[in-house]
Amino acid sequence: PVPQARPRPRRVRGRQHCRISDQETNDKTSAASSNDFSDPIYKEIAITNGYINRMTREELRSKLAEFKLETRGVKDVLKKRLKNYYKKQKLMQKEHISGDSCYDYICVVDFEATCEEGNPPEFVHEIIEFPVVLVNTRTLEIEDTFQQYVKPEINPKLSDFCISLTGITQDIVDKADIFPQVLQNVIEWMRQRELGTKYSYCMLTDGSWDMSKFLNIQCRISRIKYPSFAKKWINIRKSYGNFYKVPRNQTKLAIMLENLGMNYDGRPHSGLDDSKNIARIAIRMLQDGCDLRVNERIHGGQLMTVSSSVPLEGAPAPQMPRYRN
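The sequence shown stops at residue 325 when you use the UniProt record's numbering, and every number in between is there.
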């Protein structure tokens, strides 16, 4: 059973508190604004950077190995790698002290789209299922779900492969609304839950494709602008790999579940069932002390990485995008 209360940070298992050593940090506790560089934590980071600058290459490699980080590279690269790791850990530790999750809610999305066997490069994917699973980061529970099917316009007839893979039949999509109407329904559902107004929230996906490819292409097909609330998201594969220190080939949905000791619930490639299982992984990561936060965005139609050092922002209140000229 999912616990009702968020675990207290000091009980978190597996978190590394990265102090180079107790002697090498400075515990000044002078009052300072937490949102500028006068905060004592930045003084600690600066002092530690000084120690790192004076370390030999062998000392750097030894310290990196201790934190299970890559030890190859020239001395300057090793110094930068160690400084970045220490800064990230220190800032994550600071966030835990404040006792808050990054967002009040996480919206998990896993689209299903039209496809053909082998997916020829010229094939245009259209979204045919739009699910959203709402995770409450305080209770660590799935609080609500949304699901609607979508009628494709360019390839209205589903391939046998697509029907077999997704379980979505031709009759289902024939009766469904077109994408702009479904998107409007999603936005209304999110507004009713006061996301972006009363509560902070963020989108979360399993990989980059849902937003950077499927939603991007669909908005062009439907001749609407890309929705602002979906321009940044958490790619849980990246978060999982970074937090549990596993390689990229260990971050597929089935493997993530297996490594966390969980079985897949439902039907694979059902958008809603996939989203629920991704949500279960997100909940487990929150329980384990991971700060799930935005790590990808789309800008000018291009996929970009978001650094963990940028200021934390929730997604804006959802609005229906304008139609393209």
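Glycine residues also receive a C-beta, built at the ideal position from the N, C-alpha and C atoms.
Mark residue i as exposed unless 16 or more other C-beta atoms lie within 10 angstroms of its C-beta, in which case mark it buried.
i, result
"Asp206", "buried"
"Arg322", "exposed"
"Lys80", "exposed"
"Ser182", "Note that residue 182 corresponds to Val in the displayed sequence, not to Ser. Burial call: buried."
"Thr166", "buried"
"Ile106", "buried"
"Asp210", "buried"
"Gly50", "exposed"
"Ala315", "buried"
"Met304", "exposed"
"Lys63", "buried"
"Thr197", "exposed"
"Asn277", "buried"
"Lys87", "buried"
"Ala279", "buried"
"Leu312", "exposed"
"Glu194", "exposed"
"Ala31", "Note on Ala31: pLDDT 33, under 50, position unreliable in the model; no value is reported."
"Val173", "buried"
"Gln319", "exposed"
"Pro152", "buried"
"Ile52", "buried"
"Val310", "exposed"
"Pro227", "buried"
"Glu44", "buried"
"Asp171", "exposed"
"Gln148", "buried"
"Ala230", "buried"
"Thr56", "exposed"
"Arg324", "exposed"
"Arg293", "buried"
"Gly99", "Interpretation of Gly99 is limited by its pLDDT of 39, a score under 50 that renders its predicted location unreliable; the figure taken from the coordinates is listed afterwards. With fewer than 16 Cβ atoms within 10 Å of its Cβ, Gly99 is classed as exposed."
According to DSSP, residue i sits in a beta bridge with which residue or residues?
i, result
"Trp233", "Met203 and Glu296"
"Ile108", "The sequence given here places Val at residue 108; Ile does not occur at that position. Per DSSP, Val133 and Leu204."
"Tyr323", "Ile224"
"Ala113", "Ile127"
"Leu195", "Tyr199"
"Thr305", "Glu296"
Whole-angstrom Cβ separation of residue i and residue j, contact assumed at under 8 angstroms?
i, j, result
"Ser208", "Cys290", "About 19 angstroms; that fails the 8 angstroms criterion."
"Met256", "Ile283", "Their Cβ separation, rounded to whole angstroms, is 12 angstroms, which puts Met256 and Ile283 out of contact at 8 angstroms."
"Ile168", "Glu126", "That pair is no contact at about 12 angstroms."
"Leu286", "Leu140", "6 angstroms"
"Leu78", "Arg61", "7 angstroms"
"Phe67", "Tyr85", "6 angstroms"
"Gly241", "Thr251", "5 angstroms"
"Phe146", "Val186", "6 angstroms"
"Tyr103", "Thr137", "6 angstroms"
"Ile154", "Val124", "5 angstroms"
Are the region 128 to 135 and the region 261 to 272 in contact at 8 angstroms, needing three or more beta carbon pairs?
-> At 8 angstroms Cβ cutoff, the stretches touch.
Beta strand (DSSP E) runs contained entirely in the region 121 to 182, provided each spans 3 or more residues = Look at the region 121 to 182 and you find these whole runs of beta strand (DSSP E), each 3 residues long or longer: 127 to 136 and 141 to 149.
Determine contact between the region 173 to 180 and the region 211 to 231, defined as no fewer than three beta-carbon pairs at a distance below 8 angstroms.
-> yes
So, do the region 296 to 311 and the region 204 to 218 have three or more beta carbon pairs nearer to each other than 8 angstroms?
-> yes
Three CB pairs or more closer than 8 angstroms across the region 187 to 207 and the region 228 to 247 = yes
Taking 8 angstroms as the threshold, find out whether the region 187 to 202 comes into contact with the region 258 to 267 through three or more Cβ pairs.
-> no
Sequence ranges, alpha helix (DSSP H) only - wholly within the region 236 to 303, length at least 4 | 236 to 244, 253 to 259 and 271 to 287
Contact between the region 113 to 129 and the region 152 to 170: three or more CB pairs below 8 angstroms?
-> yes
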